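Numbering (the working numbering), first residue to last: 597 to 1374.
Worksheet for the structure shown next.
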Amino acid sequence: MSLAATDKRRTSRRKAQHSSRSDYGGQLVDSQGDAARDGASANPRVLHVAIPTPLRRLFDYRPVGPAPAQGWQPGLRVKVPFGRRQLVGIVVGASDESDWPLDQLKPIAAHLDDAPLPEDWQWLCRFTARYYQHSLGDTLHHALPGPLRQGRPLEARTRERWELATTLDSAQSRLARAPRQRELIALVAQHRQGVVTSAITAQGFTRAQLQALLDKQLVTRTEEPVTAGEPWQAPLTAEPSLSLNREQSTALAALHEGLDRFHPCLLHGVTGSGKTEVYLQLIEGVLGHGRQALVLVPEIGLTPQTLARFRKRFRVPVVALHSGLTDLERLDAWEAARSGRAPIVIGTRSAIFTPLARPGVIIVDEEHDGSFKQQDGLRYHARDLAIARAHHESIPILLGSATPSLESLAQARSGRYRHLRLTQRASRHAPAKLELVDLRGRLRQGGLIPPVIDAIRQALAAEGQVLVFINRRGFAPTLGCHECGWIAECRHCDSRMTLHRHPPRLVCHHCEHQAPQPDACPACGSADLRPLGAGTERTEETLSTLFPDTPVYRIDRDSTRRKEAFDALLTDIRRGTPSLLVGTQMLAKGHHLPHVTLVVVVNADAGLYASDFRALEQSAQLLIQVAGRAGRAERPGRVLVQTLHPDDPNLRLLADSGYDALAYQLLEERRLAALPPFRHLALARFEAASESDANDAAGAAGEVMRAWLVERELPVHCLGPVPAPMERRQNRYHIQLMLSGERRSALHEASAWLAGWLESNATRKVRWSLDIDPMTLS
Ligand code: ADP
Ligand code: ZN
Ligand code: ZN
């Protein structure tokens, strides 16, 4: 390298006031991980620190002040000056070398930890950053509970536990003249294991009264972590487990056999076949070996019902990680898992980043569910990370689903995952078959045709509940002019606006733009504006008119904005009075609705001819999940599926032969079309306020990418630029570039190079992102 070039590098770095540990480009991602292997050093001169910025590089600082108790090593949080701010970063390596003159390195402001963050957690973050081409600093930041991100010390919050220090009689005799304290000591005495302060203040006593008893030495006080529970020892369960049927026993035996190694299994069982019971008994076995279990569930699946089921079974604490937690509660849960005090951790997507002291198994329930993939920022897939993590930790991983993703199915078929089948329902009734109902040429009321309305009437007359599934909230998908064909379109997006009734307005579901409902057609002035199609509100309205004596519950994002409202609705529904439930997938997935005997799918056609390559798979999964709500308890169920394409071969195959038959056929089609899981994809998305800026950026990237691929002779295709399926969203233009490769390693190399190139070459006008293994191409 010439002197001039070196100087230039130095100057540009000086501007940033930091030193980067490595140049941009392909090696950079590796360098994010390599540094970690530098390991601990007693007196290093340089700390390589990951900082929460999108830049995929490390920053070098000088260690100052007293060294942490365990030395300078990867995983320590440090506070560092960054620009004009101070940020919390994480040491990734320590050494005596920097690309930057050592005397010009800035010193850290402080170290925040004496011991590093958990090693398993660090490993997962490094893997994630590398695999998803994301900044390590950002990834570490994302994977930490809020308080740790802000620099709070990593120690369990404590609470006080109060216990009787003497006999109740002698205590009370000493409190003859303090009636309130007498009551209080009686309350404490009721709890042989002691009682925590919050439980006492909840009864109207004060902390001062407790202190008074302590001063008189009538009670003792101990401090304990807030998440402490019963001691973790046998018996682990609080209720007997069910005796398993043959298929369940076979599955459980296979699982028990692989407890001490990486053992990926797909538990492929029809809805209601008792997968959860298998999870529970597997966890019991894992806990019996003194190990912890991590259970991931879809966003929609972490219901109070699910938790109740786990908590009822086990005597040990079940820690739940969900969006309803406060930052501090999240930290408590994290700490309990890290320290090993929490034997069972259940959470949604981000719970994959929970450290475990003694990991024993990871279970991913409804592994096909789209909510496991984060769709912005760090675009990771929690199921895929779970597999990588289980492999790294040499523990079993169980993926469960009635409708496995084609990815997992392909792995199971090839023998890389053990394929465990449950074909029988635990209750008497097999899952109902889908009955296709031809919509063509039929008059619809609220989206429903007369024979379906008759079937609803019969089901209600037989004291059943009816679930009407319609994946559109609002009154109608859009509003149109009967005179000239005008359609209400969003001003900011390439999309139509949805008509809502309460209150009346048009809403764009892509950008939330709202407009008043027009009285006359903006194009021709005609007053003949009509709602086109049906949404949940319209179907609800129609059903209320048709069945005035039956309660109609509408369950969608609008009717359940408050969680309590949703819970109240579910409680009502579970009482079992004949009623109509109109809902989107919020209702159709995950909930156990024992009294539903008829399921109606208002329109099955959305996924049939969609352009996205996963649309059909996802829509088949949804249909089967919805259908699975019927006949879960004593009575058999029926599923009516309305469609304009009753002869569509895919829909027919699904209805006649079930999900597996369709899935295997779709796999064959994917193979022929060279799509995942037979090829791997990475999608680069570009967006800008001007169409040409977005296009130019994507075009330029495509050109250099292709040239690089040719030069390196890498077997990776680069397609595009092409406009996204919805090109204009919120007045921004979206253009894409797609990389595809048969070998993951080649695709990885190419996407790492592209990310590096974009990082140094994209202009500020364009926002870009890279999505590895994208779930949708939109
Ligand atoms: P899945 O998770 O596959 O949908 P669940 O585990 O929720 O199925 O089981 C469905 C119903 O069957 C539940 O009410 C459950 O208690 C019951 N069940 C599961 N396994 C058994 C069994 N071995 N014996 C009796 N009932 C069972
Ligand atoms: Zn008109
Ligand atoms: Zn819009």
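For every residue, glycine included, the Cβ atom is placed at its ideal position computed from N, Cα and C.
Quick caveat, the model's predicted, so the values are computed rather than measured.
Exercise. What separation, rounded to the nearest whole angstrom, lies between the Cα atoms of H1096 and V914?
Worked result: 41 Å
Exercise. So does A1119 have its beta carbon nearer than 8 Å to some heavy atom of ligand 2?
Worked result: yes
Problem set entry | Contact the stretch 1288-1301 vs the stretch 1328-1339: 3+ CB pairs below 8 Å | yes
For this session: Return helix, strand or coil for H1015, following the three-state DSSP convention.
Result: strand
Exercise. With 16 as the cutoff for other CB atoms within 10 Å, does S869 come out buried or exposed?
Worked result: buried
Exercise. First and last residue of the alpha helix (DSSP H) that includes V882?
Worked result: 871-884
For this session: Please check the pair I1151 and G1121, which I expect to be a contact at CB under 8 Å, by giving their CB distance rounded to whole angstroms.
Result: Contact doesn't hold; Cβ gap of about 39 Å is too wide.
Problem set entry | T797, buried or exposed, once every other Cβ within 10 Å from all chains shown has been counted against 16 | exposed
For this session: Output the distance between the C-alpha atoms of R745 and H737, rounded to the nearest integer angstrom.
Result: 6 Å
Exercise. What number of angstroms, rounded off, separates the C-alpha of G1043 from the C-alpha of D1145?
Worked result: 20 Å
Exercise. Expressed to the nearest angstrom, what Euclidean distance is found between the alpha-carbon atoms of D1369 and Q1181?
Worked result: 24 Å
Exercise. Is any heavy atom of ligand 2 found at a distance shorter than 8 Å from the C-beta of S1122?
Worked result: yes
Problem set entry | DSSP beta-bridge partners of T1132 | Paired residue(s): none; T1132 is not in a bridge.
For this session: From the DSSP output, in three-state form, read off Y976 for me.
Result: coil
For this session: Please confirm whether L783 and Q807 have their CB atoms less than 9 Å apart.
Result: no
For this session: With distances taken Cα to Cα, identify the nearest neighbour of L1219 among A1358, L1016, K1361, V1197.
Result: V1197
Problem set entry | Span of the beta strand (DSSP E), counted from its first residue to its last, around I993 | 992-997
Exercise. For Y1205, is the classification buried or exposed, using 16 other Cβ atoms within 10 angstroms of its Cβ as the cut-off for buried?
Worked result: exposed
Exercise. Any chance the stretch 944-964 sits against the stretch 981-995, with 3 or more Cβ pairs inside 8 Å?
Worked result: yes
Exercise. Within 10 angstroms of its Cβ, does N1067 collect 16 or more other Cβ (buried), or is it exposed?
Worked result: buried
Exercise. Considering only residues of the same chain and omitting the five flanking positions on each side of Y620, which have a CB-CB separation below 7 Å?
Worked result: Here Y620 scores only 25 on pLDDT, less than 50, and its place in the model is too uncertain to base an answer on.
Exercise. Between A631 and the rest of its own chain, which residues show a CB-CB distance below 7 Å, the 5 nearest in sequence each way excluded?
Worked result: Note that A631 scores 43 on pLDDT, short of 50, meaning its location in the model is unreliable; the coordinates nonetheless yield the value given after this. Same-chain partners within the cutoff: R617, H644, L654, V688, G689.
For this session: Just confirm the distance between the C-beta atoms of G996 and L863, as a whole number of angstroms; I'd bet it's less than 8 Å.
Result: 4 Å
Exercise. Which whole-angstrom value describes the C-beta separation of A847 and V874, a residue pair presumed to lie in contact below a C-beta threshold of 8 Å?
Worked result: 6 Å
Exercise. Unbroken beta strand (DSSP E) runs of length 3 or more, entirely within the stretch 806-873: which are they?
Worked result: 815-821, 859-865
Problem set entry | Limits of the beta strand (DSSP E) - the one that T1094 falls within | 1094-1097
Exercise. Just to confirm, does H1188 get its C-beta within under 8 Å of one of the non-hydrogen atoms of ligand 1?
Worked result: yes
Exercise. Going by beta carbon distance, what residues of the same chain come within less than 6 Å of E1085, once the five residues before and after it are set aside?
Worked result: R1092
Problem set entry | Cutoff 7 Å; reference L838; Cβ partners in own chain excluding five residues on either side | E873
Exercise. Per DSSP, P664 forms a beta bridge with which residues?
Worked result: None, per the DSSP bridge assignment.
For this session: Return the CA-CA distance between A1226 and I686, expressed in angstroms with no decimal places.
Result: 51 Å
Exercise. Under a three-way DSSP split, which group does R1036 fall into?
Worked result: coil
Problem set entry | Helix, strand or coil at P1370 according to DSSP, with G and I counted as helix | coil
Problem set entry | CB contact flag (D716, P650, <9 Å) | no
Exercise. DSSP state of D716, grouped into three classes?
Worked result: helix
Exercise. Which runs of the alpha helix (DSSP H), 4 residues or longer, sit entirely within the stretch 1269-1308?
Worked result: 1287-1308
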